[in-house]
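Chains as they are written, first to last, in the working numbering: chain A, 60 to 322; chain B, 18 to 382. These notes are about the structure you will find just below.
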Amino acid sequence: MTARPRIAVHKFSSCDGCQLAFLNAGEDLLTLDRLVDMVHFAEAGPVDEAAQVDIAFVEGSISTQADAERIRRVRERSGFLVTLGACATAGGLQALRNLADGAGWLAGVYAQPEYIDSLATATPIREHVRVDFELWGCPVNARQVLATVRALLFGVRPVADHQKVCMECKRRQAVCVLVTGRRPCLGPVTSSGCGALCPRFGRDCYGCFGPSESPNTDALGRRFEGLGLTPESIARRFLFINSHAEAFAEAGHKWMGKHDEKA
Amino acid sequence: MFLARTHLGELLSALRDRGYRLIGPRERDGAIVYDELSGAGDLPRGLRQSCGAGEVRLERTGSPRCFAWANGPQALKPLLFQPAEPLWQATCDDSGRLRFEAVEPRVTPTAVLGVRACDLAALALLDRHFLDGAVRDPHYAARRAALLLIAVNCTHPAATCFCAATGDGPEARQGFDLRLDELDDGYLVASGSAAGEAILADLPLEAATDARRQNAREAVAAAAAQQTRTIPPGDLYDALSRQRRHPRWEAVAERCLACGNCTQVCPTCFCSREQEQPALDGSTSQHLREWDSCFSEGHSYIHGLVIRQSVAHRYRQWLTHKLGGWHRQYGRSGCVGCGRCIAWCPVGIDLTEEVHAVLGDAPDA
């Protein structure tokens with residue numbers, strides 16, 4: 060890497076929220092500015108999409124033909140390519156399209172669907188180009204992106220931590236919402252990283268940091284069934300923010316299959 | 018001696034006047050948790066707790082009692098062995114030289130009200146691990162030295178409790194500074210240390226009547242008699258090791274989420290992991306220790322290899338270590354019968370059921 064590494068933040072199909080992790084970094088944003096050259100980051104100001112960079116952060120999934128071509132150019136011009144959040148890493152919310160009849164929806168919604176340039180699927184960056192490191196989360200937070208930058212500046216591989224939300228939840232002394240409130244919490248199969256944000260506010264985790272290590276989705280799905288959820292609502296727990304992530308996709312389809320059997 | 022219920026606040030004031038931060042049970046988020054108390058009004062008066070495998074419910078009763086429940090998700094462990102804390106810090110000076118400094122723990126004298134017999138048994142085990150080993154843990158030691166413990170004998174065990182079977186409760190027999198027996202109209206109070214004795218001198222106590230003493234004795238005996246779960250006594254290392262290929266391990270793994278909740282709520286589980294947290298400019302780095310679990314992949318990771326790949330192996334390791342390995346390391350079982358791992362398991366796995374099944378001595382088999 061060069062003495063003052065060059066960084067780009069690219070946006071694909073996404074809500075722009077993950078890029079805010081940089082802008083919300085507070086004082087660290089000033090430190091970051093001393094350490095690197097931010098050469099392309101449209102949301103913050105600098106625009107030079109074609110710049111050759113040491114690290115490219117990529118937000119968003121690939122949902123148009125133009126995006127599919129652009130990500131290849133980004134890959135060619137970047138030393139390390141790091142995905143930024145659920146859309147880039149696992150397709151994101153818009154990957155729900157992959158479960159539906161996209162063309163049918165287009166025809167139903169738009170008077171002249173031929174003007175809409177859209178692929179039939181929204182897919183993660185990994186399905187298009189080689190990815191060096193993936194950051195999960197909807198959205199990612201400043202701690203994740205800055206730790207990644209720091210590790211790459213040190214010349215070491217960033218630490219991927221896929222322990223379960225439950226571990227973070229207990230370390231923060233939050234009370235289990237599944238045990239006390241019978242809420243269908245995805246914490247036991249979801250990666251930590253959020254600081255157990257939802258359970259700490261009495262809400263059940265909805266899996267926005269993607270599948271954890273050894274996710275026993277079968278056992279958790281059966282537990283949800285015991286809580287009174289229908290197979291369809293169990294499927295929808297898994298098929299949400301990270302519906303295209305393998306472990307959640309598999310679980311979701313399995314419960315959707317049980318729903319279809321009953322229907 | 019007897020402290021009338023109306024004077025309970027004076028016990029709390031006496032502790033605060035001596036400079037203690039006051040920790041005790043209070044209701045939060047559908048559970049009874051140990052947290053800072055501002056006064057006796059924060060105590061879970063009239064609350065009952067019903068626990069089943071994977072289920073915890075609070076119920077309100079008209080009772081004036083504040084300790085008519087068994088235990089919450091945590092008690093003493095997080096106060097001593099903190100869930101996450103920096104151990105040391107490295108600083109890089111302008112010439113690139115590294116300097117290492119210990120991070121001294123910040124310690125406040127802390128009084129804990131409402132400690133159970135199971136918690137005291139667990140504390141004795143944690144002491145053995147953190148204080149009596151080859152290397153004394155300075156963070157634990159500093160906090161432990163600043164701890165004052167007010168036990169309350171347990172009169173309302175949960176359905177998940179089995180301290181009578183492990184021999185650790187429901188009566189608090191040692192390791193406390195003060196001990197209370199809760200009655201409808203107040204508390205029998207006994208001291209267990211010089212510090213406790215000194216506090217007693219500040220309280221408006223009356224002589225305990227025989228009737229109250231008998232009432233308290235009977236309540237504790239009833240609390241023992243009420244418990245239905247059991248665990249086989251003694252060192253189970255050999256017995257469980259002989260069952261290493263028992264199909265039950267695979268069966269439990271089908272249900273087990275490997276979420277680590279059982280180990281996190283266990284008052285004796287002490288595993289941790291350590292990681293670096295470098296500042297963005299790279300000039301300093303904090304070395305952080307945080308709670309880990311033998312159900313995590315990283316726990317058995319050694320040089321590129323996760324030794325216990327399957328959840329069946331992790332569950333087997335946990336149970337065999339808890340009920341067997343601890344005897345060899347610490348002279349007794351690692352289980353104190355608090356039942357937290359049963360109540361707080363999201364899928365309700367019951368270690369008493371599992372161990373009986375593996376050993377083939379299920380009470381109703």
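Note that beta-carbon positions come from the ideal geometry of N, C-alpha and C, so glycine has one too.
Beta-bridge pairing of A/S250 - partner residues as DSSP gives them: According to DSSP, which records beta bridges pairwise, A/S250 is partnered with A/K223.
Where the alpha helix (DSSP H) containing B/M18 begins and where it ends: No alpha helix (DSSP H) holds B/M18; DSSP gives it neither H nor E.
Min CB distance B/G131 to chain A below 9 Å: Using a Cβ-Cβ cut-off of 9 Å, B/G131 does not count as an interface residue toward chain A, since no Cβ of chain A sits closer than that to its own.
A/S120 at chain B interface by Cβ criterion, 9 Å: For A/S120, the answer is no, since every Cβ of chain B falls outside 9 Å of its Cβ.
Endpoints, the alpha helix (DSSP H) within which A/S292 is located: Taken as a continuous stretch (DSSP letters only), the alpha helix (DSSP H) holding A/S292 covers 290 to 297.
Beta-carbon neighbours of B/W308, restricted to chain A and to distances below 9 Å: The contacting residues are M226, K229, R230.
Partner residues on chain B for A/A1, Cβ-Cβ distance less than 8 Å: Coverage of chain A is limited to positions 60 through 322, which leaves residue 1 of chain A absent and any answer about it impossible.
Any C-beta of chain A under 9 Å from that of B/P61: With a threshold of 9 Å between beta carbons, B/P61 makes no contact with chain A.
The beta strand (DSSP E) enclosing B/I49, as first and last residue numbers: Secondary structure note for B/I49: its beta strand (DSSP E) is the uninterrupted segment 48 to 53.
Span of the beta strand (DSSP E), counted from its first residue to its last, around B/I40: It spans 38 to 45 - the beta strand (DSSP E) in which B/I40 sits, taken as one unbroken run.
Cross-chain neighbours of A/F268 in chain B, by beta carbon under 7 Å: Chain B residues near A/F268: none, gap ~14 Å exceeds 7 Å.
Residues of its chain near B/S300, where Cβ-Cβ distance is below 6 Å and the 5 sequence neighbours each way are ignored: Here the set comprises C109.
Cβ neighbours of B/T125 in the same chain (closer than 6 Å, five flanking residues each side left out): Correct list, in chain order: R38.
Through-space distance from A/C197 to A/C267, alpha-carbon basis: Between A/C267 and A/C197, the C-alpha separation is close to 5 Å.
Chain-ordered neighbours of A/G273 on chain B, where CB pairs are closer than 8 Å: In the sequence as displayed, the identity of residue 273 of chain A is Ser instead of Gly. Below the 8 Å Cβ cutoff, chain B contributes A275, E314, V328 as neighbours of A/S273, in chain order.
Three-state secondary structure (DSSP) of B/Y318: The three-state reading of DSSP puts B/Y318 in strand, counting E and B together.
Any C-beta of chain A under 9 Å from that of B/N278: Yes, B/N278 counts as interfacial toward chain A.
Own chain partners of B/R246 with C-beta closer than 6 Å, once the 5 adjacent residues on each side are dropped: Closer than 6 Å at Cβ, skipping near neighbours: F179, T369.
Rounded Cβ spacing between B/C355 and B/N88 (contact assumed at less than 8 Å): About 6 Å separates the two Cβ atoms, so the contact holds.
CA nearest to the CA of B/S310, picked from B/T280, B/Q334, B/I319, B/R333: Taking each of B/T280, B/Q334, B/I319, B/R333 in turn and checking the Cα distance to B/S310, the smallest one comes out for B/T280.
Chain A residues whose Cβ lies nearer than 7 Å to that of B/R229: Here the premise fails: no neighbours, minimum Cβ distance about 35 Å.
Where B/R290 sits in the DSSP three-state scheme: Note: B/R290 maps to strand in three-state DSSP.
Local conformation of A/C228 per DSSP, three classes: The three-state secondary structure of A/C228, taken from DSSP, is helix.
Exposure of B/A382, with buried meaning 16 or more beta-carbon neighbours within 10 Å: Any reading at B/A382 is ruled out, since the residue's pLDDT is 40, under 50, leaving its predicted position unreliable.
Proximity test, Cβ basis, 9 Å: A/H187 and chain B: No, A/H187 lies away from the interface with chain B (no Cβ there is under 9 Å from its Cβ).
Buried or exposed by the 16-neighbour rule on C-beta atoms within 10 Å, applied to B/L143: Around the beta carbon of B/L143, 16 or more other beta carbons lie within 10 angstroms, which makes this residue buried.
B/D136 and B/P295 closer than 9 Å at C-beta: Contact: no.
Which of helix, strand or coil DSSP assigns to B/W86: Three-state result, B/W86: coil.
Neighbourhood of A/A233 by C-beta, 7 Å cutoff - its chain only, sequence neighbours within 5 removed: By the criterion of a C-beta distance shorter than 7 Å, A/A233 is surrounded in its chain by A255, P258, R259, once the five residues flanking it on both sides are discounted.
Contact set between B/A48 and chain A, taken where Cβ atoms lie within less than 9 Å: Those are V234, C235, V238, T239, listed as they occur along chain A.
Any C-beta of chain B under 9 Å from that of A/G252: It does not; no Cβ of chain B falls within 9 Å.
Residues that B/A101 bridges to, as DSSP identifies them: Answer is B/E307.
Short CB-CB distance (under 9 Å) between A/F103 and chain B: Position check: residue 103 of chain A holds Ala in this sequence, whereas Phe was assumed. By this cut-off, A/A103 is not an interface position.
Whole-angstrom distance between A/K223 and B/W308, CA atom to CA atom: Roughly 13 Å between the two C-alpha positions.
Given B/D194 as reference, the closest of B/V206, B/T183, B/A224 once Cα atoms are compared: By alpha-carbon distance to B/D194, the top candidate from B/V206, B/T183, B/A224 is B/V206.
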